[in-house]
Amino acid sequence: MNQLTNCPIESNGDFDVLVCGAGMGGITAACMAAEQGLEVCVLEYFGEPGGIPVNGALGAISGFSDGEVVAVAGFPQRFADELERRGASLIQGGGSNINLPPSAISLLVWELLEFYNIQMRLYTSVIDTEVDANGRISSVVTSAKEGLRRVSAKLFIDATGDGDLAYMAGAPYEIGRPSDGKVMSASVIFIIGGIDKSRMPEYMEVRRIWKSRPRPVPIDHSVFQFVPHSPQSNEIAVNMTHSLDADPLISAGLTKIRRDCMKQAKYLLEEFFRKEIPGYENAWISRYAPQVGVRESRRIMGDYILTEEDVLEGRRFEDEIACGIWGIDVHNPDGIHTGVSHYITKPYGIPYRCITPRGLSNLFIAGRPISADHIAHSSSRINATCMAIGEAAGTAAKEAIDRQCTRMVDIPQLKSQLANNTYSYFNVKDEY
Ligand SMILES: Cc1cc2nc3c(=O)[nH]c(=O)nc-3n(C[C@H](O)[C@H](O)[C@H](O)COP(=O)(O)OP(=O)(O)OC[C@H]3O[C@@H](n4cnc5c(N)ncnc54)[C@H](O)[C@@H]3O)c2cc1C
1241 MNQLTNCPIE
1251 SNGDFDVLVC
1261 GAGMGGITAA
1271 CMAAEQGLEV
1281 CVLEYFGEPG
1291 GIPVNGALGA
1301 ISGFSDGEVV
1311 AVAGFPQRFA
1321 DELERRGASL
1331 IQGGGSNINL
1341 PPSAISLLVW
1351 ELLEFYNIQM
1361 RLYTSVIDTE
1371 VDANGRISSV
1381 VTSAKEGLRR
1391 VSAKLFIDAT
1401 GDGDLAYMAG
1411 APYEIGRPSD
1421 GKVMSASVIF
1431 IIGGIDKSRM
1441 PEYMEVRRIW
1451 KSRPRPVPID
1461 HSVFQFVPHS
1471 PQSNEIAVNM
1481 THSLDADPLI
1491 SAGLTKIRRD
1501 CMKQAKYLLE
1511 EFFRKEIPGY
1521 ENAWISRYAP
1531 QVGVRESRRI
1541 MGDYILTEED
1551 VLEGRRFEDE
1561 IACGIWGIDV
1571 HNPDGIHTGV
1581 SHYITKPYGI
1591 PYRCITPRGL
1601 SNLFIAGRPI
1611 SADHIAHSSS
1621 RINATCMAIG
1631 EAAGTAAKEA
1641 IDRQCTRMVD
1651 IPQLKSQLAN
1661 NTYSYFNVKD
1671 EY
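In case it helps, our numbering puts the sequence shown at residues 1241 to 1672.
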């Protein structure tokens, strides 16, 4: 508790589970906790749930399989199936992607929140927390339109992507690569509208044009990369901007990322797309993602640290609660990203111990900042894996509450529960 919040603050709710952050990790955790009858609230500082796939304008969820071997099933797969039913395109192979407009993802998220009766508080930042001497969090302090408020719960799930709550609660963390602490480059995805798609060359041809021309460093990706949100629309989302040497954990750093990327987007539109790609002559930038695309920030140290070797060797663990199969995908902190540098063919396990931050007894991590080294994190940060981790955290929530400690959860029982989870929302849909 710092000085600012060391004053009487009104309570703004008391829940079984408080999920901080409404990205895909947090949403999945919230739904799975609610599935077990727990009273759940989600706090989110953007005006829309969904995290990077929605507010980062990514419109993609990847990492279910390598095209053959399935690593992630359960809730994330049911979520993807439902999106596919609504028109999303599924690209198998190389990590398997589901692509669609961000608005379709947020619509499904809203439907889930309503179905599960989950309280959602948008435009709300978690800025502090109260922790007792035994490492038990009793509440978080939020900052929103109404001022500072205290929200308490029995169990907390940090799904902020940056490990904000764990950090505020005093958990140890690491950041960046071991040699100098530099993090992967960050991006702002932008949307180009006004494209005549009937004249636009095939993706591979656009790639060839991009590769054959001189590129101003440090624009990201050695190849042209876009996410085809919807085949019907005349828009594409471009994931090519690339900001280096910015601290994603301070506002000045986030502002630098935004400024760098907006300049690069303008350059790309004017000097590449409009001049060199047929069909783009009258294109414009219709919007920039509101959320800065931070690939790496804090990694919260838990009871086990997932390593590069674990990922490369496809190591399995007795207490694994999720799996990943996305390759090693470090966006070079010093320059151009050359793509996934190391594909993996065997799924690796993510131990339960990676989601229990050291020194804290009622906090799980769900999503990007699990306990992993710099290289392992470059794989485990992918959306399907973040959702699988969220599913585990949400499923473990009831027992962690009943036993008053995350470390008292019966892991074999949790694993069997994960294998047999029911998903009321999707099952109801199946009955139509
Ligand atoms: C540019 C880019 C491209 C990517 N491409 C792909 C891809 O093609 N496929 C893929 O699967 N993955 C991709 N990823 C990775 C993936 O999108 C992320 O790692 C993943 O979405 C992380 O999920 P999360 O739920 O942990 O975090 P996030 O999606 O970041 O969600 C965290 C949420 O917490 C909120 N929050 C943060 N701090 C606070 C606070 N203090 N108080 C309240 N709320 C807070 C945020 O607003 C956000 O909504 C990409 C990432 C980036 C940046």
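A virtual CB, placed ideally from N, CA and C, is assigned to each residue, including glycine.
**Whole-number beta carbon distance between S1620 and I1610, since they are thought to touch under 8 Å** = 6 Å
**Request:** Report the three-state DSSP secondary structure of P1591 (helix, strand or coil).
**Result:** In this structure, DSSP gives P1591 an extended state, which the three-state scheme calls strand.
**Prompt:** Under a CB-based cut-off of 8 Å, is L1658 close to chain C?
**Reply:** Although the question refers to chain C, the structure presented lacks it and comprises just one protein chain.
**Runs of alpha helix (DSSP H) lying entirely within the segment 1294-1379, each at least 4 residues, in chain order** = 1314-1325 and 1342-1355
**Message:** Does W1524 pass the burial test, meaning 16 or more other C-beta atoms within 10 Å, or should it be called exposed?
**Reply:** exposed
**Asked** Which residues does DSSP pair with W1524 in a beta bridge?
**Response** G1433
**Message:** Tell me which residues share the same chain as M1627 and place their Cβ nearer than 6 Å to its Cβ, disregarding the 5 neighbours each side in the sequence.
**Reply:** M1264, T1268 and P1316
**Asked** Would you say the beta carbon of R1376 comes nearer than 7 Å to a heavy atom of ligand 1?
**Response** no
**Request:** Output yes or no for whether 8 Å exceeds the beta carbon distance between C1271 and Y1356.
**Result:** yes
**Request:** Please name the residue, chosen from T1382, S1378, I1431 and E1354, that lies closest to Y1363 on a Cα-to-Cα basis.
**Result:** T1382
**Request:** Please determine if the segment 1625-1642 and the segment 1589-1608 are in contact, where contact requires at least 3 C-beta pairs separated by less than 8 Å.
**Result:** yes
**Item:** Where K1515 sits in the DSSP three-state scheme
**Value:** helix
**Message:** Would you call the segment 1399-1411 in contact with the segment 1363-1380, where contact means no fewer than 3 C-beta pairs closer than 8 Å?
**Reply:** yes
**Message:** Please report the distance separating the alpha-carbon of A1300 from that of L1340.
**Reply:** 7 Å
**Item:** Cβ shell of D1550 (< 7 Å), same chain only, five flanking positions each side left out
**Value:** Y1588 and A1616
**8 Å Cβ shell around G1416 - same chain, five flanking residues per side excluded** = K1422, V1423, E1536, P1573 and H1614
**Exposed unless 16 or more other CB atoms sit within 10 angstroms - verdict on V1692** = Any property of residue 1692 remains undetermined from this structure, which presents the chain solely from 1241 to 1672.
**Asked** How do the segment 1548-1564 and the segment 1583-1600 stand: do at least 3 beta-carbon pairs fall below 8 Å, yes or no?
**Response** In the pairwise beta carbon analysis, the segment 1548-1564 is classified as touching the segment 1583-1600: at least three pairs are separated by under 8 Å.
**Message:** Taking 7 Å as the limit between beta carbons, can you name the residues of its chain near E1548, skipping five residues before and five after?
**Reply:** D1613, I1615 and A1616
**Message:** Less than 8 Å between the C-beta atoms of D1398 and T1585, yes or no?
**Reply:** no
**Request:** Measure the C-alpha to C-alpha separation of L1405 and R1376 and round it to an integer number of angstroms.
**Result:** 13 Å
**Prompt:** By how many angstroms is the C-alpha of F1557 removed from the C-alpha of V1446?
**Reply:** In this structure, the CA atom of V1446 is about 43 Å from the CA atom of F1557.
**Item:** Own chain residues within Cβ distance below 8 Å of A1637, not counting five before or after
**Value:** D1256, V1257, A1269, M1272, A1273, Q1276, L1278, L1395, I1397 and F1604
**Item:** Same chain, Cβ closer than 8 Å to R1326, neighbours up to 5 away in sequence not counted
**Value:** L1340, A1344 and L1348
**Message:** Taking the alpha helix (DSSP H) that L1494 belongs to, which residues open and close that run?
**Reply:** S1491 to Y1507
**Message:** Rounding to the nearest angstrom, what Cα-Cα distance links V1366 and L1283 in this structure?
**Reply:** 7 Å
**Prompt:** Cβ-heavy atom distance between R1535 and ligand 1 below 7 Å?
**Reply:** Within the chosen limit of 7 Å, ligand 1 reaches the beta carbon of R1535 through at least one heavy atom.
**Whole-number beta carbon distance between I1435 and Y1507, since they are thought to touch under 8 Å** = Actually they do not touch by this definition, with Cβ atoms about 18 Å apart.
**Prompt:** What separation, rounded to the nearest whole angstrom, lies between the Cα atoms of K1385 and A1640?
**Reply:** 33 Å
**Request:** Tell me whether Q1504 counts as near ligand 1, meaning its Cβ is closer than 7 Å to at least one heavy atom of that ligand.
**Result:** no
**Message:** Using 8 Å as the threshold, is the C-beta distance between A1692 and I1429 below it?
**Reply:** With the chain represented from 1241 up to 1672, any question about residue 1692 goes unanswered, as that position is not in the structure.
**For R1539, the nearest candidate out of P1488, G1403 and P1293 (CA to CA)** = G1403
**Asked** H1582 bridges to which residues according to DSSP?
**Response** I1568
**Asked** Out of Q1644, G1634, Y1665 and D1642, which has the shortest C-alpha to C-alpha gap to K1655?
**Response** G1634
**Asked** Hey, would you say the C-beta of V1478 is under 7 Å away from at least one heavy atom of ligand 1?
**Response** no
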